[in-house]
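One structure is given below, encoded as C-alpha cells.
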C-alpha cells in the first residue's frame with residue numbers, strides 16, 4: 151500500500167513536471183490532452199467526431215491497439231461478398247483533427263487523471279471516454295485449443311489469417327446461430343467450403359426473431375446449401391493437432407477442418423475494473439443516463455458499457471455498432487455538463503440471407519413478457535413489396551407487430567423479406583420510441599410508390615396495426 | 151319549388167314502400183344499404199375494407215362507374231414497365247363482402263337518405279361515404295381539343311386507347327413536370343418515342359422538392375434521353391386535326407404527334423355540391439377532423455375531400471392515394487361515433503427515375519415559411535447506402551432535413567438516391583408526426599446493416615440532424 155502510494159507520488163511529480171520515462175528509461179515530455187478516448191472503433195470514433203463537431207474540441211487523442219480498425223458489422227462479409235479484409239476498413243480520416251495514437255492502455259490513474267500505456271507512456275486527460283469494446287465469448291469446449299478453431303475477433307491480422315485458412319478449408323462448422331453465426335455461415339459458404347451451423351436453441355436467430363422468421367431464415371440458409379443443426383451443441387472438437395471433426399451433444403460426429411465460434415461477446419472491462427469503476431449486472435461498465443461511469447470525468451460507450459432497456463431501464467446484454475455510435479454521440483455531448491439523456495437502448499437489427507432480408511425492432515414476445523407485458527396483441531400483414539404486384543422484382547413482404555393490449559403501444563415488430571426491410575425496421579423504431587399506439591400506427595401517414603413500397607391499400611405497417619386492432623375491438627366501437 | 155317538393159314527396163313514398171320505377175317505367179324493389187360508398191378507388195375501397203374489419207358491417211354497397219378500377223400510382227408505369235393496363239388493376243376481391251355495383255350516381259337526396267343513379271335506380275343509405283375522386287385539370291390551351299391530346303384519366307378504356315395511340319407516336323410532349331408528368335415522361339420514353347417535358351416553373355418537381363433534388367431528377371431524365379424544357383409553357387397546340395406541333399411561350403416550336411397533359415387534378419365534387427354540401431377553399435368537399443361533411447351521415451374521403459395541413463390545419467391542395475386510404479380508414483372508424491381523428495395531412499412522396507429514387511416528407515423550405523416557420527435550420531448528410539462503401543451496389547444517398555430553429559422540431563426532409571428512399575421518407579414521416587427535435591433525431595436509435603443501410607457512423611438521418619445541431623449550437627453547449 152505504502153509502496154504503491156510512493157510510486158504514485160513519484161508518477162504524479164513526473165506528471166506535474168510534464169515528463170515521463172519510457173521503457174528504455176528515456177525521459178520525455180508527457181502528453182496531456184483535453185479528451186482521451188481509449189478505443190478507436192465505432193463508439194470511440196463517433197465520440198471523437200462529435201466532440202469535435204458539437205464541443206469544438208481540437209485537443210483529442212484516441213488510443214487504439216489496432217493499426218487498422220474494422221467496420222464491425224462488415225466482418226462476416228469479408229469472407230464472401232467483399233473477398234478481402236482491406237475492403238472492410240474504417241478510414242482513419244474520419245477522426246478528423248483528433249490525434250490517433252497506436253498503443254495499448256495498461257491502466258488508468260483516476261487521481262492523476264492519466265492513462266498509462268503498456269510501453270510506459272503516460273497521457274493525461276481532462277475527460278476520458280472508455281470505448282474498449284468487447285471480446286468473443288470463448289466457451290469451454292474440449293478441443294477448442296486445436297489449430298483452425300477461430301473466433302470472430304475485430305483484429306485485422308487475425309481476420310486475414312482466417313481468410314487464408316478458409317481458402318484451404320473443405321468443411322467449416324460454425325458454432326452459434328445468432329446474427330453473426332448466420333452471416334458468417336452464409337458468407338463462408340459463398341467462398342467455397344461446406345458449412346454447418348450448430349445452434350443450441352431450437353432455431354437460429356431465436357433470441358431476436360419470432361419463430362416464423364427464424365424458420366424462414368433457416369430455409370433460406372438451407373436453400374443456399376448451408377447445413378443447419380439446431381437444438382444441439384458441440385460437445386468436443388476432435389483431431390490430433392488440427393481440427394478434424396466435432397462431436398455434437400446428440401452423438402453425431404461431423405467431419406470438418408475448421409471451426410468458427412460466434413456465440414456472442416463479453417464486454418472488455420479489464421481497464422475499468424482495475425481502475426475501480428463499477429461494473430453492471432450484464433458485465434458492462436456501469437453508466438448513468440449520460441454515459442458517465444462511476445469515475446469522475448470518465449465516460450464509457452459501446453460494447454464495454456452497460457446497456458439499459460428503453461422499455462424499463464433494466465440492464466440488457468445488447469451490443470451492436472449502431473448502439474455504440476449512439477452512445478458515442480451522447481458521451482461527447484455530455485463531457486462538460488449533462489446535455490443529452492440516453493433514454494435507453496432499443497434493439498434494432500437487420501440481416502439478409504441471399505435475397506431474404508429480415509429485420510426486427512424492439513421486443514420479442516418473450517422479451518415483452520419479461521418486461522411485464524404479459525398481455526400482448528399481435529398484428530400481421532403480408533403483401534407485395536412493390537405495387538401493383540405485377541411490378542418487376544416485387545416480392546412478398548411480411549410484417550408482424552406486437553402491441554401492449556392495455557396501453558395499445560407498439561412494443562416490437564419484425565419484417566421480411568424485401569430489401570427495404572432494413573429501413574423498415576427504422577420506421578418501427580421511430581414508432582416504438584415515440585410510444586405510438588395501434589390506432590396511431592394504423593393511421594400512419596405513409597408515403598408509397600409503385601417501385602419503392604407496398605400499395606397504400608396494403609401497406610404492411612398500417613395493415614398489421616389495423617389487424618391487431620381488429621382483434622381487440624371484436625365488435626363495432 | 152312546389153313541383154320539386156311534390157316530386158320529392160312521391161319519391162319518398164316510393165322509398166317508404168321500398169319500390170322504385172326505373173327509366174323504362176318498370177317498378178322494382180329499391181335497394182337499401184347500411185353503408186353506401188360512392189366511388190371504388192383507393193379511398194372508397196379502403197373505407198369498404200375498414201367498415202367490414204372494424205365495424206363488422208356486412209351490408210355495404212360501393213358504386214363505381216368504372217368496370218375496372220386502376221391502381222392510381224401505377225398509371226404511369228403502364229406505359230413502360232408494366233406494358234399493359236391489365237397489369238395495373240385493383241382487384242375487386244379486395245371489396246370482400248361489400249357489394250360492388252357498377253353505376254354512376256346522379257344525385258343525393260339527403261332528406262330521403264338515398265342516392266339516385268343515372269339509370270334511375272335509387273339506393274337508400276344509413277351512412278354515405280363520398281369517394282368521388284378527382285378529374286384532370288384541363289388548361290385552356292388553344293388546340294387542346296385536337297386529336298392525340300391526352301389527360302391522365304383513371305379510366306381503363308381511355309388509358310388503353312392512350313397505350314395504342316402511343317405505339318405509333320414518334321414524339322410526345324408532356325405538359326407538367328410534377329411527379330405524374332416526370333413519371334409519364336420517363337415511362338413513355340421507355341416505350342419508344344422521343345419525349346419532351348414542358349414545365350412552367352424553373353424546375354421539375356419544384357413544388358415538392360428542394361432545388362438540388364429537382365436538378366438531380368432533371369439530370370436523371372436527361373441522362374435517360376428525356377428532353378426537359380423548364381420555365382416555359384405550351385402556348386398552343388398546332389395541327390390540322392391531329393397534334394402536329396406545340397408552340398412554347400418562348401416562341402420555340404416542337405414538332406410532336408402526341409401531347410399528354412399532367413398538371414394536376416381538381417376534386418370531383420359535383421354530386422356533393424348539388425346536394426348542398428359545403429366546399430372548402432381548395433375546392434374539396436369540406437370535412438371535419440372525423441371526415442364528416444356538412445351533411446348528416448355523409449363522409450368524404452380521398453381526392454374529392456378537402457385536406458388540412460398537419461402543421462397548421464390550413465386547407466392544402468394535396469391529393470395522393472396514400473392520403474385517400476388513410477381517410478378511408480378514418481371515415482370507416484367514425485361512421486357511428488367520432489373515434490379516430492384525422493390529425494392532418496402530411497405530404498409524403500417518392501418517385502424514381504432510372505436508378506435515382508427521390509423522396510420527400512413534410513414541408514419544403516417555401517412551405518415552412520408559408521406556415522410561419524421563417525427561421526429554419528437545414529442539416530444535410532451524404533454517404534453510401536450500404537457499408538462499407540465497398541459493398542456491391544452501394545450508391546451515394548443524400549439526405550436534407552429542415553428543422554424549426556426555435557422548437558427544434560423536424561418539419562420536413564428529403565432523400566435521394568438509393569432504392570430505400572421510399573421507406574426512408576416514412577422514417578421521416580414518423581419523426582415529423584411525433585414532433586421529434588433535432589436532438590432526438592440526432593440520437594435516433596437506428597438499426598443498420600452492411601447490405602441494407604448506411605453505416606452507423608454515417609447514417610444519413612442522424613448525421614443530417616447532427617449537422618443541423620452543429621449549425622445552431624455554434625460553440626460548446
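Residue numbers (the working numbering), protein chains in the order written: chain A, 151 to 627; chain V, 151 to 627. All C-beta atoms, glycine included, are put in the ideal place defined by N, C-alpha and C. Here the structure is a predicted model, which is why all the values come from computation and not from measurement.
For residue 339/A, no CB of chain V lies under 8 Å from its own CB, so it is not counted at the interface with that chain. Contact annotation for residue 182/A against chain V: no contact, minimum CB-CB distance about 19 Å [criterion: below 7 Å]. At the C-beta level, residue 482/A and residue 204/A come within 8 Å of one another. A residue is called buried when at least 16 other Cβ atoms come within 10 angstroms of its Cβ; residue 312/V meets this threshold and is buried.
DSSP, reduced to helix, strand and coil, places residue 232/V outside both helices and strands of the structure shown, so it counts as coil. Chain-ordered listing is empty here: chain A has no CB closer than 8 Å to the CB of residue 208/V, the nearest sitting near 12 Å. For the segment 491–503 of chain A, residues whose beta-carbon sits nearer than 7 Å to a beta-carbon of chain V comprise 496, 498, 499, 500, 501, 502.
Contact with chain A is found for residue 595/V, since one of that chain's Cβ atoms lies less than 8 Å from the residue's Cβ.
Around the beta carbon of residue 542/V, fewer than 16 other beta carbons lie within 10 angstroms, which makes this residue exposed. When the alpha-carbon of residue 192/A is set against those of 585/V, 616/V, 609/V, 590/V, the nearest one is in 609/V. Interface flag for residue 606/V against chain A is set, since a Cβ pair is found closer than 8 Å. Considering only beta carbons, the part of the segment 560–572 of chain A lying closer than 8 Å to chain V consists of 569, 570, 571, 572, in chain order. Contact of residue 217/A with chain V by beta-carbon distance below 9 Å is absent, the smallest such distance being about 17 Å. Taking residue 294/V as reference, the option from 572/V, 388/V, 190/V with the minimal CA-CA separation is 388/V.
Within chain A, the C-beta atoms nearer than 9 Å to that of residue 224/V come from 537, 538, 540, 541, 600, 605, in chain order. Of the candidates 285/A, 255/A, 209/A, 209/A places its Cα closest to the Cα of residue 183/A. For residue 260/V, there is no enclosing beta strand (DSSP E), since its DSSP letter is neither H nor E.
Three or more Cβ pairs drawn from the segment 507–522 of chain A and the segment 556–567 of chain A lie within less than 8 Å of each other, which places the two stretches in contact.
Counted as a single uninterrupted DSSP element, the stretch harbouring residue 368/A is not any beta strand (DSSP E) but the alpha helix (DSSP H) occupying residues 361–373. Annotation note: the segment 407–468 of chain A contains the following uninterrupted alpha helix (DSSP H) runs of length 4 or greater, listed N- to C-terminal: 420–424.
Per the coordinates, the alpha-carbon of residue 342/A lies some 46 Å from the alpha-carbon of residue 332/V.
Using a 10 angstroms sphere on the CB of residue 375/V, the tally of other CB atoms stays under 16, which defines it as exposed. Between residue 591/A and residue 612/A, the alpha-carbon positions lie close to 6 Å from each other. A buried status is given to residue 476/A, since no fewer than 16 other beta-carbon atoms sit within 10 Å of its beta-carbon.
If you look at residue 565/V, you'll find it in the beta strand (DSSP E) that goes 560–567. DSSP places residue 547/A inside the beta strand (DSSP E), whose first and last residues are 546–554. Contacts between residue 619/V and chain A, judged by CB atoms closer than 7 Å, involve 204 in chain order. Within the DSSP secondary-structure output, residue 275/A pairs in a beta bridge with 183/A. With respect to chain A, the C-beta atom of residue 479/V has a partner C-beta closer than 8 Å. With a contact defined as Cβ atoms closer than 8 Å, residue 222/V and residue 340/V miss out at about 20 Å. Note on residue 469/A: 16 or more other CB atoms within 10 angstroms of its CB, so buried under the neighbour-count rule. Scanning chain A for C-beta atoms nearer than 7 Å to the C-beta of residue 476/V yields 593, 595, reported in chain order. Closest by C-alpha distance to residue 291/A, out of 284/A, 430/A, 285/A, 300/A, is 300/A. Distances from the CA of residue 334/V to each of 297/V, 503/V, 280/V were compared; the closest alpha carbon is that of 503/V. Residue 533/A and residue 568/A have their C-alpha atoms spaced approximately 11 Å apart. Along the segment 505–521 of chain A, the positions whose C-beta sits under 9 Å from a C-beta of chain V are 507, 509, 510, 511, read in chain order.
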